[in-house]
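Novice: After the structure tokens below, expect a handful of questions from me.
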Amino acid sequence: MASTIVAFELGGREVEVMVKPMTTLQSALRDQLGFTATKEGCRQGGCGSCTVLVNDEPMLSCLLPVEDVAGQRVTTLESLTPTQGLHPLQQAFLDANAFQCGYCTPGMTMLAQALLDHNPAPDRGDITQALTGNICRCTGYGPIVRAIEVAAQAMHAGEEGQPR
Amino acid sequence: MARLRGTGIAAVNYPTGMNLGGDPSQALIHATTSGSFVVSLSATDLGQGLKTVIGQIAAETLGVEFGEIVIDTADTDTGPHDMGTFASRATHRVGNAVIAAATEARQALLEVAAEELEAAVDDLEGDGHGNLLVKGVPTRSVRIAEIASMAQFKYGRTIAGRGAYMKPKSLVDPETGAMDPDSTEAHACTVAEVEVDTETGVVTVLSIRSAYEVGRQVNPALVQGQIAGGAWMGMSHALYETTAPYYPAVDHSPRDFSEYLMPGPLEMPEIECVVLEMPSSNGPYGVKGIGEMTANSPIPAIANAIYHATGVRFDDLPITPEKILRGLDAKRSGPS
Amino acid sequence: MSPDLNVVGNSVGRSDGIGHVTGRTRYTADRSFPGMLHLKMVRSPLHHARIRGIDLSAAERVPGFVRALTARDVPHNCYTILGLIGVEPEEEFVLAEDRVRFKGEAIVAIVAETEAAALEAVSKVQLDLEELPAVFDVEEALEPGAPIVTHWGNNTFMFEGHPCRRVRLGDVEQAFQQADYIVEGVYNTSPIEHAPLETTGCIAVPEANGRYTVYTNTQALYFSLDNTAIILQVPGSQLHFVGGTVGGGFGGKVDVIVEPIATLAAMKTNRPVRYTYSRAEEMQVSSTRSAWRIYVKDGVTRDGHIIARKVTSYADSGAYSRQTPYALTKHAANAAGPYAIPNVAIDAYCVYTNRQPTSAMRGFGVTMASFALEVQMDKIAEKVGADPWTIRFINAYHDGDMKPHRKLVEDATLIETMQAAATRVGHELPDVFRSMTSAPRDAGHDGGRS
Ligand code: FES
Ligand code: FES
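Chains as they are written, first to last, in the numbering used here: chain A, 176 to 339; chain B, 489 to 824; chain C, 541 to 990.
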């Protein structure tokens with residue numbers, strides 16, 4: 176089968192990949208573009224470690240043919256990281272030790288970003304509900320939930336502090 | 489139909505550091521020109537934070553700040569032998585090896601400093617923050633970083649240390665089982681509170697509250713992390729996980745996370761703990777270790793709580809809703 | 541924190557934390573090399589079978605196929621990883637020879653240009669298998685006439701002449717006679733998968749200097765290197781193993797499963813070779829925690845003192861023992877629990893069945909003992925009419941007590957831990973337990989025994 180060229184926006188920059196049909200976004204990111212923050216815990220939609228944002232919506236990149244994101248806006252953990260310092264979610268994860276092995280962290284962070292985009296002041300129930308598709312084998316989830324609570328507050332405070 | 493509540497307890501020991509195969513660990517340390525110290529190991533970090541706690545132990549022994557320690561590990565070309573990261577051994581075994589290596593490196597450091605300060609080695613002491621002082625003469629002090637640099641460029645000396653830790657292999661007497669297979673024992677007591685829905689058989693764990701005694705904690709935040717993660721895993725073992733299917737045969741074992749069940753964040757109870765520190769005699773700075781044991785006591789505590797709630801004993805793990813319902817049915821129909 | 545310590549006792553931040561939150565931490569599977577080949581395994585579809593033939597011809601015609609490896613290609617085709625520390629016999633193969641003993645056992649390794657090509661070639665390998673009867677229960681496996689899994693004629697691992705790891709202290713049978721109550725229980729646990737979020741895997745890379753660098757997420761680098769050297773019959777100096785942060789271990793990555801065959805493939809093809817488990821392989825093929833069946837029989841006095849404990853444990857090792865014999869020994873040393881019991885008999889069996897092999901997992905031999913014993917403690921409490929705290933306090937071991945495996949207790953803190961837990965949950969303990977300590981009994985504390 177012939178390969179095609181698919182172009183999409185990745186972290187604010189235009190990228191092109193040449194792919195065979197049914198290549199996943201996960202594979203294009205990791206194997207072709209070298210963006211390995213997006214993990215592969217199962218490659219069948221069961222763990223959430225491959226979560227990325229497509230036009231700000233969380234998607235499992237292991238289930239998404241890369242053709243489907245042609246012309247769309249893809250955000251991975253690489254592009255969430257600011258030039259200096261850390262994103263408030265990253266800082267909160269770091270401060271709360273919301274990881275042990277860290278393998279679930281990128282997917283958790285992207286999912287949390289999507290949650291906070293939709294709901295800047297989530298309560299604990301909103302957070303746990305949002306995380307149900309993402310697996311963490313190490314932490315017991317508590318530290319992750321707490322980190323997201325702290326990040327939400329920090330981001331909220333940050334916004335209020337900004338001149339309008 | 490009702491929701492029944494119950495409380496259960498469990499108290500456990502856990503042996504840390506195994507030596508049924510000998511299982512040694514080694515470490516090498518050297519100073520760089522800028523006064524940082526490279527700790528070379530081959531032990532891997534599984535996510536528990538090994539590199540962090542080993543760095544803390546090295547910094548403590550050398551008398552420098554944590555930030556001056558570089559952990560170079562998991563490379564067999566540069567790291568000396570290590571048996572591996574398992575059996576709650578890494579902090580205990582590698583930590584002891586690192587103390588030995590750091591002690592030797594510190595001696596080399598003191599010798600250079602003594603020469604530079606024109607003092608006897610025994611008259612020097614560290615402040616734990618990267619300085620060496622002549623005892624009783626606060627004005628005569630020098631930065632460890634300076635000594636490290638001078639050792640290279642002025643004195644042509646190495647500041648380095650080797651360390652090994654091994655508890656000799658324990659042979660087991662095949663008749664009596666007499667053996668000495670571990671180094672020390674950590675302990676835990678867990679109280680679990682559950683609610684059992686008699687209509688669905690679903691067990692909700694309301695809280696898992698524990699006390700742990702793990703010897704000295706090198707990094708209390710990481711200990712808390714182990715306890716929280718272990719409580720989840722214990723609850724998961726108690727109520728959810730199995731690769732042996734319920735129906736109908738061994739062929740139907742799970743292939744993925746949609747078939748292999750584990751509790752998610754919605755199912756998580758309140759997890760609380762207190763940690764006592766009663767230093768062990770043979771661990772680094774009194775460490776016992778906490779790697780594996782945190783999943784253990786929650787399992788029987790939950791099983792005992794379910795009995796307390798329902799009056800039915802469930803002695804087969806995992807205690808699934810199906811088993812609960814069958815057990816309640818059997819109790820209702822009474823002894824036949 | 542102790543006042544004399546500066547760094548130990550501080551909750552300093554994780555040194556690898558920034559890497560984790562930015563996704564820069566490099567796990568094994570995040571590496572890639574030009575020209576890298578992919579290895580996939582042809583596995584047994586049956587639980588127990590004789591291999592009559594293997595036909596590779598259709599697989600070899602798949603575009604992208606590079607080569608196949610069978611048992612004949614493996615220099616020392618033996619996977620018995622504890623052989624390194626003198627545990628015998630050699631029993632497991634890297635690639636199956638004449639028989640497969642569990643569903644999923646590796647038979648042929650296929651190396652191909654892409655993962656898809658490797659998977660397609662795997663699907664084209666024709667196996668001629670003769671199905672044999674299989675056994676899945678530890679006690680059925682010990683019955684006369686059970687299908688035999690091992691090559692030595694019975695289904696138990698032999699511990700220096702005994703079919704089980706034995707521990708003996710005192711005389712349990714006599715103590716049972718003297719006991720006021722006998723409390724018995726049978727406890728079963730399911731096999732459990734480690735389920736690390738990062739699956740087991742490695743990449744073996746030929747280097748310019750004739751050596752091979754193996755990037756692996758093993759928990760034990762030298763253990764993997766030494767076993768690989770033995771299997772491939774090469775000097776250890778030819779191998780360079782590089783690990784890193786492991787994406788969850790829990791004991792499952794102490795097995796040396798992927799490295800030897802990936803390295804062999806790199807040697808045969810002179811190309812980098814990646815061999816990483818799929819999630820389904822991790823679930824169905826990689827080692828699990830053993831299923832256990834534990835029989836406990838306790839002799840108890842009217843006032844709740846346990847005077848005799850007999851434990852008979854069966855760990856389902858699956859088709860091969862891997863690290864499980866080691867777990868049985870650790871189990872036997874802990875199967876009486878943290879209690880002072882003068883008469884103890886423990887028989888711990890490592891039993892072979894046709895399930896997937898088992899190995900180390902967090903709590904190695906102790907987790908399931910703790911489950912059985914701590915439920916048993918509650919049954920004893922109920923029997924003698926004591927509350928669950930009391931039964932544990934009056935039986936708790938103290939420093940200086942003799943454990944069943946004849947090691948004196950040191951560093952005992954069970955009593956203090958229970959006191960702290962009681963306080964934490966607001967449970968009022970009677971004075972006698974509040975003032976108890978784990979200090980040696982002759983130090984003035986009698987541990988509540990009168
Ligand atoms: S890798 Fe995509 S959900 Fe697991
Ligand atoms: S930190 Fe290991 S899976 Fe979440």
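Even for Gly, the Cβ is constructed at its ideal location relative to N, Cα and C. If you're wondering where the values come from, they're calculated on a predicted model, not measured in any experiment.
Are any of the Cβ atoms in chain B nearer than 9 Å to that of Pro-297(A)?
Specialist: It does not; no Cβ of chain B falls within 9 Å.
Novice: Assess, as a yes-or-no matter, whether the region 775-790 of chain B is touched by the region 551-570 of chain C under the definition of 3 or more beta carbon pairs within less than 8 Å.
Specialist: Counting Cβ pairs under 8 Å, fewer than three are found: no touch.
Novice: Going along the chain, which residues of its own chain have a beta-carbon closer than 6 Å to the beta-carbon of Gly-246(A), five neighbours each way excluded?
Specialist: Same-chain partners within the cutoff: there are none.
Novice: Considering Leu-291(A), what are the terminal residues of the beta strand (DSSP E) in which it resides?
Specialist: Looking at the DSSP string, Leu-291(A) is not in any beta strand (DSSP E); the run it does join, the alpha helix (DSSP H), is 280-293.
Novice: Less than 8 Å between the CB of Ile-621(C) and some heavy atom of ligand 2, yes or no?
Specialist: No; taking the cut-off as 8 Å, the Cβ of Ile-621(C) has no heavy atom of ligand 2 nearer than that.
Novice: By a C-beta neighbour count over all protein chains shown, 10 Å radius and 16 as the cutoff for buried, is Ile-635(B) buried or exposed?
Specialist: Classification for Ile-635(B): buried.
Novice: Can you tell which of Ile-732(C), Lys-850(C), Asp-843(C) and Cys-742(C) has its C-alpha closest to the C-alpha of Ala-715(C)?
Specialist: For Ala-715(C), the nearest C-alpha among the options comes from Lys-850(C).
Novice: Under 7 Å between beta-carbons, which chain C residues line up against Arg-312(A)? List them in chain order, please.
Specialist: Ala-735, Pro-736, Leu-737 and Gly-788, listed in chain order.
Novice: Beta-carbon of Ser-178(A) versus every beta-carbon of chain C: anything under 9 Å?
Specialist: Chain C, which has no Cβ nearer than 9 Å to the Cβ of Ser-178(A), makes this no.
Novice: When burial is assigned at 16 or more other CB atoms within 10 Å of the CB, is Phe-268(A) buried or exposed?
Specialist: With 16 or more Cβ atoms within 10 Å of its Cβ, Phe-268(A) is classed as buried.
Novice: DSSP puts Ala-744(C) in a beta bridge; with which residues?
Specialist: Answer by DSSP bridge pairing, in chain order: Val-754(C) and Val-813(C).
Novice: Which of the three DSSP states is assigned to Asn-518(B) in this structure?
Specialist: What sits at residue 518(B) in the sequence shown is His, not Asn. Residue state, collapsed to three classes: strand.
Novice: Who does Trp-720(B) pair with in a DSSP beta bridge?
Specialist: According to DSSP, Trp-720(B) bridges with nothing at all.
Novice: Out of Met-750(B), Ala-531(B), Ala-588(B) and Thr-692(B), state which residue places its alpha-carbon closest to the alpha-carbon of Tyr-762(C).
Specialist: When each option's Cα is compared against that of Tyr-762(C), the closest is Ala-531(B).
Novice: Exposed or buried, Met-197(A), counting other C-beta atoms within 10 Å across all chains shown (16 or more means buried)?
Specialist: Exposed: under 16 other Cβ atoms inside 10 Å.
Novice: List the whole-angstrom C-beta distance separating Leu-969(C) from Ala-499(B), where the pair is believed to meet the contact cut-off of C-beta under 8 Å.
Specialist: Wrong, their Cβ atoms sit about 13 Å apart, outside the cutoff.
Novice: DSSP on Met-541(C), reduced to helix/strand/coil?
Specialist: At Met-541(C) the pLDDT is 47, less than 50, meaning the model places this residue with poor confidence; the figure from the coordinates comes in the next sentence. Here Met-541(C) sits in coil by DSSP.
Novice: Just list the residues that DSSP pairs Gly-583(B) with in beta bridges.
Specialist: According to DSSP, which records beta bridges pairwise, Gly-583(B) is partnered with nothing at all.
Novice: Roughly how many angstroms separate the alpha carbons of Gly-685(C) and Asp-668(C), rounded to a whole number?
Specialist: Approximately 26 Å, taken between the alpha carbons.
Novice: In chain order, what residues place their C-beta within less than 6 Å of a heavy atom belonging to ligand 1?
Specialist: Checking every Cβ against the heavy atoms of ligand 1 under 6 Å gives Glu-215(A), Gly-216(A), Cys-217(A), Arg-218(A), Gly-220(A), Gly-221(A), Cys-222(A), Gly-223(A), Ser-224(A), Cys-225(A), Leu-235(A) and Cys-237(A).
Novice: Could you pull out every residue in the same chain whose Cβ sits closer than 7 Å to the Cβ of Met-638(B), ignoring the five residues on either side in sequence?
Specialist: Excluding positions up to five away in sequence, the list reads Val-600 and Glu-604.
Novice: Taking contact to mean at least 3 C-beta pairs separated by less than 8 Å, is the region 606-620 of chain B in contact with the region 573-585 of chain B?
Specialist: No contact exists between the region 606-620 of chain B and the region 573-585 of chain B.
Novice: By Cβ distance below 8 Å, which residues in the same chain neighbour Asp-560(B) in space, the five residues on each side in sequence not counted?
Specialist: The answer, listed in chain order, is Val-526, Val-527, Ser-528, Leu-529, Thr-566 and Gly-567.
Novice: In terms of alpha-carbon separation, which member of Ala-876(C), Val-840(C), Glu-600(C) and Glu-821(C) lies closest to Ser-853(C)?
Specialist: For Ser-853(C), the nearest C-alpha among the options comes from Ala-876(C).
Novice: Got a sec, what are the start and stop residues for the alpha helix (DSSP H) Thr-930(C) sits in?
Specialist: Element bounds for Thr-930(C): 928-935.
Novice: Give a single yes or no on whether Phe-274(A) has its beta carbon closer than 8 Å to a heavy atom of ligand 2.
Specialist: Yes.
Novice: Identify whether Glu-765(B) lies in helix, strand or coil by the three-state DSSP scheme.
Specialist: In the structure shown, Glu-765(B) sits in coil (DSSP, three-state: anything other than H, G, I, E or B).
Novice: By alpha-carbon positions, which one of Phe-573(C), Ala-802(C) and Val-640(C) ends up nearest to Asp-613(C)?
Specialist: The residue with the shortest Cα to Cα distance from Asp-613(C) is Ala-802(C).
Novice: Hey, Glu-738(C) and Gly-783(C) are a contact pair by Cβ (cut 8 Å); roughly how many whole angstroms apart?
Specialist: Between Gly-783(C) and Glu-738(C) the Cβ distance is about 12 Å, and since that is not below 8 Å, they are no contact.
Novice: Who does Ala-332(A) pair with in a DSSP beta bridge?
Specialist: For Ala-332(A), which the question treats as bridged, DSSP gives no partner whatsoever.
Novice: Considering only heavy atoms of ligand 2, does any lie closer than 8 Å to the CB of Met-283(A)?
Specialist: Result yes, Cβ under 8 Å from ligand 2.
Novice: Hey, could you find the ends of the beta strand (DSSP E) Ile-650(C) is sitting in?
Specialist: Start and end: 646-652.
Novice: Could one say the Cβ of Val-794(C) lies closer than 9 Å to chain B's Cβ atoms, at least one of them?
Specialist: Answer yes: the Cβ-Cβ gap between Val-794(C) and chain B drops below 9 Å somewhere.
Novice: At a cut of 8 Å, does the region 869-887 of chain C reach the region 648-668 of chain B through at least three beta carbon pairs?
Specialist: Yes, the region 869-887 of chain C is in contact with the region 648-668 of chain B.
Novice: Could you tell me the distance, in whole angstroms, from the CA atom of Glu-232(A) to the CA atom of His-560(C)?
Specialist: Spanning the two alpha carbons is a distance of roughly 23 Å.
Novice: Quick one: measure Cβ to Cβ for Thr-226(A) and Asn-309(A), integer angstroms, because I've assumed they're closer than 8 Å.
Specialist: So it is a contact: roughly 7 Å between Cβ atoms.
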